[in-house]
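Taking it in order: structure first as structure tokens, then the write-up.
Residue numbers (our numbering), protein chains in the order written: chain C, 6 to 475; chain B, 21 to 204.
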């Protein structure tokens with residue numbers, strides 16, 4: 006700094022050192038508006054980030070869901086597309102070899118007409134299905150503009166409030182369900198600049214009804230209990246294949262009966278629950294400030310597996326059936342002739358239960374803001390569609406129980422459900438949801454025909470996107 | 021001091037009320053600085069607005085609370101220089117011939133209203149005005165001014181002496197251009 010040796014500079018400096026001049030009020034207003042403007046920019050940036058995250062999560066959930074669905078569906082019939090033509094060829098040529106895995110206990114049976122009869126191991130011709138769940142991920146960038154329009158209209162309708170808004174700043178202005186932060190624009194003749202400040206409790210009119218799609222995955226356990234499964238009869242007197250002797254020798258449960266019928270117990274290895282996937286449409290209706298009713302329709306694929314070491318062959322049909330409690334009703338015709346055989350290794354049986362489910366649930370809002378948190382509970386009616394059982398090596402004839410058949414399953418069973426749900430509303434009209442829930446059977450899935458009983462339970466995590474009608 | 025610290029922290033947290041309080045504390049003084057560096061109230065207010073937006077945005081980078089006033093003043097002056105810089109480039113400052121005038125330097129400024137003095141400064145050519153402010157009132161050296169404005173030291177000196185001459189002329193031309201006995 007220079008030395009103040011010149012009184013000219015000093016005198017000017019003295020005059021202006023503590024001098025003040027009051028700026029007009031509009032300066033602060035402009036600063037205020039500018040700062041608010043950068044807040045809007047940040048808000049937009051944040052919003053954009055949330056939108057991207059939300060869209061990505063939904064996409065991931067959908068991809069994961071469909072991957073699981075596709076994978077498990079094709080796993081239950083590995084290689085069937087390749088095997089199908091060869092199986093046909095084999096049956097035509099009549100030279101098909103029995104798969105190694107069959108260690109035939111009855112030599113004369115093998116040399117008999119089994120493979121000459123053109124009924125070489127059949128291959129399930131289950132169709133491959135691709136489900137497409139339509140999901141709208143359209144994002145509306147004009148949300149804020151729409152917000153502004155609504156408030157501007159509101160203000161135009163109410164002169165008193167307009168005056169109040171225009172004459173004061175930093176006054177949070179409340180419209181039912183929403184709080185706005187008001188800023189005046191540079192041009193005093195323009196409508197005050199309004200930005201959404203904070204979303205408050207949505208009132209009933211603003212979010213009453215929504216509808217969307219739902220994808221769930223989790224674990225479905227049919228809770229199969231084998232108690233009381235009946236023995237299967239094999240007619241020893243008419244069995245020319247000699248399998249009964251074998252049974253007598255190996256099975257502890259085996260009982261010889263006076264009329265030379267032998268009975269043996271189906272295997273009861275435990276049922277392992279695997280992935281369960283469901284998808285469907287749902288809607289929610291908020292009928293009071295705190296409660297919401299959910300319903301819809303969904304389709305469930307529930308996968309599971311078990312294993313088997315033995316199989317039976319009804320002599321009339323030349324089919325092969327796993328000797329397991331979950332399939333044995335179909336495998337043993339009432340007065341049929343069965344032969345009983347062992348496998349030299351354990352074979353995995355894959356089972357798929359399919360249901361149409363119609364839930365009716367109630368939700369109670371614990372938090373009802375942009376983020377919502379609900380406790381949910383209700384019942385669902387599950388309509389039995391089918392139960393398919395096959396094995397990964399296509400050794401056995403696939404079994405499929407359907408409605409109306411003489412199936413061991415009831416056409417309908419009921420579930421109780423409770424869970425908790427997180428909802429996030431974005432772009433004003435869209436809502437994401439995530440709901441872990443536990444369902445427990447209220448009635449038996451199986452009927453009196455079954456060699457086992459089942460009262461399923463399941464744990465699922467559902468992800469959904471819905472459009473909110475406002 | 022603690023209150024002031026709290027105020028600064030609230031401003032950093034973007035508390036609008038705190039920002040308004042800080043603005044109210046400094047706005048009048050800073051407005052006068054802006055006026056010295058501009059030709060009109062409108063220009064000055066533009067500079068003031070821009071300065072405070074910068075202040076609020078950069079407050080979080082401030083390490084010490086002791087010298088906030090000096091820091092704010094520095095930002096206002098820098099903003100003013102940036103604001104005028106484009107115009108300075110339009111009318112590049114060159115060495116001007118020194119007006120050989122030998123007026124008595126001891127003109128009593130206290131006889132003038134502050135507004136009159138301000139008008140005199142504002143009436144100076146822009147280059148002279150800026151350099152006069154920086155040299156006489158802010159107390160920068162010609163070297164510092166030359167670096168700041170990216171001009172030569174000689175230019176700064178000649179612009180200043182022109183400013184000085186023009187101001188002395190204005191003071192004398194004015195009715196109140198009396199000599200003050202006490203200072204003689």
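In this text, a Cβ means the ideal position worked out from N, Cα and C, and glycines have one as well.
Short CB-CB distance (under 7 Å) between residue 382(C) and chain B: no
Closer than 9 Å, Cβ to any Cβ of chain C: which residues of the segment 31 to 63 of chain B, in chain order? 34, 36, 37, 39, 40, 43, 44, 47, 48, 49, 50, 51, 52, 53, 54, 55, 56 and 61
Looking at the C-beta of residue 364(C), does it have a partner C-beta in chain B at a distance below 7 Å? no
Please check if any C-beta of chain B sits within less than 7 Å of the C-beta of residue 18(C). yes
Measure from the C-beta of residue 32(C) to each C-beta in chain B and report whether the shortest distance is under 7 Å. yes
When you compare each of 302(C), 28(C) and 375(C) to residue 384(C) by their alpha carbons, which one comes out closest? 302(C)
Length of the line joining the Cα atoms of residue 21(C) and residue 94(B): 16 Å
Inter-stretch contact (C-beta, 8 Å, three-pair minimum) for the segment 148 to 165 of chain B and the segment 74 to 83 of chain B: no
Integer-rounded CB distance, given that residue 434(C) should sit under 8 Å from residue 473(C): 5 Å
For a test of the three-state rule: what should DSSP assign to residue 170(C), helix, strand or coil? Below a pLDDT of 50, predicted positions are generally treated as unreliable, and residue 170(C), at 39, falls in that range; the measurement from the model is reported next regardless. Residue 170(C) falls in the helix class under three-state DSSP.
Are at least three pairs of beta-carbons, each pair with one atom in the segment 358 to 378 of chain C and one in the segment 422 to 436 of chain C, less than 8 Å apart? yes
What is the rounded straight-line gap between the Cα of residue 389(C) and the Cα of residue 415(C)? 7 Å
Closer than 7 Å to chain C by CB, residue 92(B): no
Nearest-angstrom Cβ-Cβ length linking residue 448(C) and residue 418(C), presumed shorter than 8 Å: 5 Å
CB residue 41(C) to CB residue 134(B), shorter than 7 Å? no
Does residue 328(C) come out as helix, strand or coil in the three-state DSSP assignment? coil
Start-to-end residues for the alpha helix (DSSP H) that takes in residue 151(B): 146 to 152
Any C-beta of chain B under 7 Å from that of residue 35(C): yes
Counting along the chain, where does the beta strand (DSSP E) carrying residue 318(C) start and finish? 296 to 319
Residues that residue 68(B) contacts on chain C, provided the C-beta gap is smaller than 9 Å: 28, 32 and 36
Residue 145(B) to residue 98(B), Cα distance in whole Å? 19 Å
In the DSSP output, which residue or residues are listed as bridge partners for residue 280(C)? 224(C)
Report the residues of the segment 136 to 148 of chain B with a CB closer than 9 Å to any CB of chain C, ordered along the chain. 137, 138 and 141
Less than 7 Å between CB atoms is the rule here; does residue 307(C) satisfy it with respect to chain B? no
For residue 14(C), would you say it is in contact with chain B, using Cβ-to-Cβ distances shorter than 7 Å as the test? yes
When you compare only the Cα positions, how much space is there between residue 183(B) and residue 50(B)? 23 Å
Just curious, the beta strand (DSSP E) that residue 398(C) is in, first and last residue? Per DSSP, residue 398(C) belongs to no beta strand (DSSP E) and is neither H nor E.
One question on the structure: do residue 141(B) and residue 180(B) come within less than 7 Å of each other, judged by their Cβ atoms? no
Expected contact under 8 Å - CB spacing of residue 352(C) and residue 328(C) to nearest Å: Their Cβ separation, rounded to whole angstroms, is 11 Å, which puts residue 352(C) and residue 328(C) out of contact at 8 Å.
Residue 348(C) to residue 395(C) span [Cα, whole Å]: 16 Å
Return the residue from the list 25(B), 87(B) and 154(B) that minimises the CA-CA distance to residue 100(B). 154(B)
Using a 10 Å radius around the Cβ and a threshold of 16 neighbouring Cβ atoms, would you call residue 450(C) buried or exposed? buried
Can you give the beta carbon distance from residue 393(C) to residue 357(C), rounded, assuming they're within the 8 Å contact cut? 5 Å
Within chain C, the residues that residue 73(B) reaches when beta carbons sit closer than 8 Å: 36, 39 and 40
Residue interval of the alpha helix (DSSP H) (run including residue 64(B)): 61 to 78
Contact criterion: CB-CB distance below 7 Å. Does residue 216(C) meet it with respect to chain B? no
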